[in-house]
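Engineer: Questions regarding the structure given below will be posed in turn.
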Amino acid sequence: MSIKAVVGGQWGDEGKGKLVDLIAQEHDICARYNGGANAGHTIVHNGKKYKTNLLPSGVITPSCSNLIGNGVVLDVPKLFEEIDVMKGDGLDVSEKVLVSDRAHLVFGFHKEMDALSEKMLGKNEEIGTTKKGIGPAYGTKISRNGCRAGDLLELEVFEKKYRTLAATLQKQFELSYDFEAELKLFKDVYIPRITPMIIDGVAYMNSAIKQKKNILLEGANAVMLDIDFGTYPFVTSSNPTVGGACTGLGIPPREISEVYAVVKAYCTRVGSGPFPTELHDEVGEKIREIGGEFGTTTGRPRRCGWLDVPAVKYGHMLNGYEYICLTKLDVLDTFDEIKVGVKYIHDGKELPAVSQSLKITSNIKMEYETFPGWKQDISKCRTFEELPINAQKYVLRLEELFEVPIKWVGVGAGRDAIVIRDVKGSSKQ
Numbered sequence: 417m418s419i420k421a422v423v424g425g426q427w428g429d430e431g432k433g434k435l436v437d438l439i440a441q442e443h444d445i446c447a448r449y450n451g452g453a454n455a456g457h458t459i460v461h462n463g464k465k466y467k468t469n470l471l472p473s474g475v476i477t478p479s480c481s482n483l484i485g486n487g488v489v490l491d492v493p494k495l496f497e498e499i500d501v502m503k504g505d506g507l508d509v510s511e512k513v514l515v516s517d518r519a520h521l522v523f524g525f526h527k528e529m530d531a532l533s534e535k536m537l538g539k540n541e542e543i544g545t546t547k548k549g550i551g552p553a554y555g556t557k558i559s560r561n562g563c564r565a566g567d568l569l570e571l572e573v574f575e576k577k578y579r580t581l582a583a584t585l586q587k588q589f590e591l592s593y594d595f596e597a598e599l600k601l602f603k604d605v606y607i608p609r610i611t612p613m614i615i616d617g618v619a620y621m622n623s624a625i626k627q628k629k630n631i632l633l634e635g636a637n638a639v640m641l642d643i644d645f646g647t648y649p650f651v652t653s654s655n656p657t658v659g660g661a662c663t664g665l666g667i668p669p670r671e672i673s674e675v676y677a678v679v680k681a682y683c684t685r686v687g688s689g690p691f692p693t694e695l696h697d698e699v700g701e702k703i704r705e706i707g708g709e710f711g712t713t714t715g716r717p718r719r720c721g722w723l724d725v726p727a728v729k730y731g732h733m734l735n736g737y738e739y740i741c742l743t744k745l746d747v748l749d750t751f752d753e754i755k756v757g758v759k760y761i762h763d764g765k766e767l768p769a770v771s772q773s774l775k776i777t778s779n780i781k782m783e784y785e786t787f788p789g790w791k792q793d794i795s796k797c798r799t800f801e802e803l804p805i806n807a808q809k810y811v812l813r814l815e816e817l818f819e820v821p822i823k824w825v826g827v828g829a830g831r832d833a834i835v836i837r838d839v840k841g842s843s844k845q
């Protein structure tokens, strides 16, 4: 038995779905533990890209069951939209998807609240949310008046809780929303369809542990967007760090055997907030265009910059990475030189970790190392030795800086476009 967690090591969009899709073949269960429809994952199957937000990335693996955990806020219509897109291509995954009865629900009025909140903050102060209702849904969860998936199994209970929540929010926010129409849609369309998927997620996960099943824990978003440890307030509303896997699925910390970080060979960020290595020139634009750096969820252009080593090391402090998966190395194929941010400098001193002070993180001076590019296509490489020598040196130097072994190197979009290295994990060195 093994339980392995995959977390994003930067600001999201690192390509977590690629690693999860690859290693899900070795697992019986893939369990998503946080976030909601704000998290864009891209899965490639038979050459076709599927852009998902809620479905765990193990859905296209035949032997893998998939759980949406209690730490996720679930947009039910969006879930069915994703399932139906795959079904249209002959992939019926509906019987492979389970939903924890403790997962809170996202409604249309949560999305309206999200948009209103951003508008009230103004352009200079807005967080840059996806406006998918994630923050407001977590807000009603914390306020203890939210609706959970399990409520859908008891229609009278659900209807009463929905109406109470709607009345409360209508009074607070003066929403122009058709609550009755949404309630009718749930009763007539969504509840009959989702009922067979809803289970006791805690019992399911702990039964699987007792049966010694191999379980993969999939995080959404990333370390630097964590509500507690990220660049607050420019963060998400959940805990993408590995602690969120325990609270988001109801499993003991001691059962998690390994944690893997997915780290892009450069950095991107969506929305507002500090970004120490951000490039505002043609180099950043080139990375964006070659890397296709546009939000899966929003379509917004992602901010681009060089790789930020202190941010990755900070994530290792919080999560204890066994291995790192370095993705999208091929995006750098045509660059004459490549830079890597290696130290945060503030007031002439190196910062030992990411500061909680927004003033400090917004005014960091980055110290860089510069590497020569390899100037050739690496997308067909399948062993480390096949990579150009400068690409090898780049990976090995990153490994030294991270102080964590890089086991996987992504060299293209497909599941097979990856180099797998035979390296010892950090706990075994």
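Numbering (this note's numbering), first residue to last: 417 to 845.
Beta carbons: idealized from backbone N, C-alpha and C, even for Gly.
Just so you know, these numbers come straight off a predicted model, no measurement behind them.
Please confirm if the segment 480-496 is in contact with the segment 610-619, defined as three or more CB-CB distances below 8 Å between the two stretches.
Structural biologist: Yes, since at least three Cβ pairs between the segment 480-496 and the segment 610-619 fall closer than 8 Å, the two stretches touch.
Engineer: Mind reading off the beta-carbon distance from Val839 to Val825? Whole number of angstroms is fine, and I expect it under 8 Å.
Structural biologist: 11 Å between Cβ atoms; not a contact.
Engineer: Go to Leu514, then tell me how far its beta strand (DSSP E) extends in each direction, as first and last residue.
Structural biologist: Taken as a continuous stretch (DSSP letters only), the beta strand (DSSP E) holding Leu514 covers 513-516.
Engineer: In the DSSP assignment, find the alpha helix (DSSP H) that holds Pro726 and state where it starts and stops.
Structural biologist: Start and end: 725-735.
Engineer: For Leu521, which residues does DSSP report across the bridge?
Structural biologist: Its beta-bridge partners are Leu490.
Engineer: Does the segment 494-509 come close enough to the segment 558-566 that 3 or more CB-CB pairs lie under 8 Å?
Structural biologist: These segments do not touch.
Engineer: Under 8 Å by Cβ, that's how I've got Gly474 and Ser654 pegged, so tell me the actual separation to the nearest angstrom.
Structural biologist: Not a contact, Cβ separation roughly 20 Å.
Engineer: Report yes or no: do the segment 674-691 and the segment 501-518 share at least 3 C-beta pairs separated by less than 8 Å?
Structural biologist: Counting Cβ pairs under 8 Å, fewer than three are found: no touch.
Engineer: Quick check: what's the CA-CA separation for Val522 versus Leu774?
Structural biologist: Between Val522 and Leu774, the C-alpha separation is close to 30 Å.
Engineer: Using the three-state DSSP reduction, which class does Met895 fall into: helix, strand or coil?
Structural biologist: A question about residue 895 goes unanswered here, because the residues of the chain that appear run from 417 up to 845.
Engineer: Whether or not the segment 665-674 and the segment 690-709 are in contact is what I'm after, with contact meaning three or more pairs of Cβ atoms, one per stretch, closer than 8 Å; do they touch?
Structural biologist: Output reads no: the segment 665-674 does not touch the segment 690-709.
Engineer: Does the beta-carbon of Gly463 have 16 or more other beta-carbons within 10 angstroms, so that it is buried, or is it exposed?
Structural biologist: Classification of Gly463: exposed, given that the 10 Å Cβ count is below 16.
Engineer: The ligand GDP and Thr647: does any heavy atom of the ligand fall closer than 7 Å to the residue's C-beta?
Structural biologist: Only the bare structure without any ligand can be found here, which leaves the ligand GDP out of the picture.
Engineer: Taking just the CA atoms, how far does Ile761 sit from Tyr466?
Structural biologist: Taking the straight line joining both Cα atoms gives about 40 Å.
Engineer: Anyone know if the C-beta pair for Gly707 and Asp752 falls short of 8 Å?
Structural biologist: Not in contact: Gly707 and Asp752 (Cβ atoms no closer than 8 Å).
Engineer: Helix, strand or coil for Ser510 per DSSP?
Structural biologist: Note: Ser510 maps to helix in three-state DSSP.
Engineer: Is the Cβ-Cβ distance between Lys755 and Thr786 less than 8 Å?
Structural biologist: Against a cut-off of 8 Å, the Cβ pair of Thr786 and Lys755 comes out as a contact.
Engineer: Please name the residue or residues paired with Trp824 in a DSSP beta bridge.
Structural biologist: According to DSSP, which records beta bridges pairwise, Trp824 is partnered with Cys741, Ile836.
Engineer: With burial defined as no fewer than 16 other Cβ atoms inside 10 Å of the residue's Cβ, what is the status of Val605: buried or exposed?
Structural biologist: Under this definition Val605 is an exposed residue.
Engineer: Residues in its own chain within less than 6 Å of His461 by CB, not counting five upstream and five downstream?
Structural biologist: Cβ neighbours of His461 beyond the five flanking positions: Ile476.
Engineer: Any idea what DSSP makes of Pro788, helix, strand or coil?
Structural biologist: Strand, per DSSP.
Engineer: Entirely within the segment 641-726 and at least 3 residues each: give me those beta strand (DSSP E) ranges in chain order.
Structural biologist: Qualifying beta strand (DSSP E) stretches, in chain order: 674-680, 683-685, 719-721.
Engineer: When the Cα of Ser592 is compared with those of Leu471, Pro649, Glu528, which residue comes out closest?
Structural biologist: Among Leu471, Pro649, Glu528, the Cα nearest to that of Ser592 belongs to Glu528.
Engineer: Relative to the alpha-carbon of Asn630, which residue among Asp832, Lys823, Ala440, Pro821 has its alpha-carbon at the smallest distance?
Structural biologist: Among Asp832, Lys823, Ala440, Pro821, the Cα nearest to that of Asn630 belongs to Ala440.
Engineer: Run through the DSSP bridge pairs and tell me what His443 is partnered with.
Structural biologist: The partner list for His443 (beta bridge, DSSP) is empty, contrary to what the question assumes.
Engineer: So what does DSSP say about Asn806, is it helix, strand or coil?
Structural biologist: Here Asn806 sits in helix by DSSP.
Engineer: Helix, strand or coil, according to DSSP, for Gly451 in the structure here?
Structural biologist: It is a strand residue.
Engineer: Around the Cβ of Ala565, are there at least 16 other Cβ atoms within 10 angstroms (buried) or fewer (exposed)?
Structural biologist: Buried, since its Cβ has 16 or more Cβ neighbours within 10 Å.
Engineer: Which residue's Cα is closest to the Cα of Asp832: Leu814, Arg798, Glu815?
Structural biologist: The option with the nearest alpha carbon to Asp832 is Arg798.
Engineer: Alpha carbon to alpha carbon, what distance is there between Ala421 and Met613?
Structural biologist: The alpha-carbon atoms of Met613 and Ala421 are separated by roughly 23 Å.
Engineer: When you compare only the Cα positions, how much space is there between Val699 and Ile794?
Structural biologist: Approximately 20 Å between the Cα atoms of the pair.
Engineer: Taking C-alpha atoms, which residue in Gly428, Asp429, Pro478, His457 lies nearest to Glu442?
Structural biologist: The residue with the shortest Cα to Cα distance from Glu442 is Pro478.
Engineer: Of the residues Glu511, Thr580, Glu598, which one's Cα is nearest the Cα of Gly524?
Structural biologist: The residue with the shortest Cα to Cα distance from Gly524 is Glu598.
Engineer: So Tyr466 is in the beta strand (DSSP E); what residue range does that whole segment cover?
Structural biologist: Tyr466 -> beta strand (DSSP E) spans 464-468.
Engineer: Rounded to the nearest angstrom, how far is the Cβ of Ala519 from that of Glu634, given a contact under 8 Å?
Structural biologist: That pair is no contact at about 14 Å.
Engineer: Please report the distance separating the alpha-carbon of Leu784 from that of Cys720.
Structural biologist: Looking at the sequence provided, one finds Tyr at residue 784 rather than Leu. Whole-angstrom Cα-Cα distance: 16 Å.
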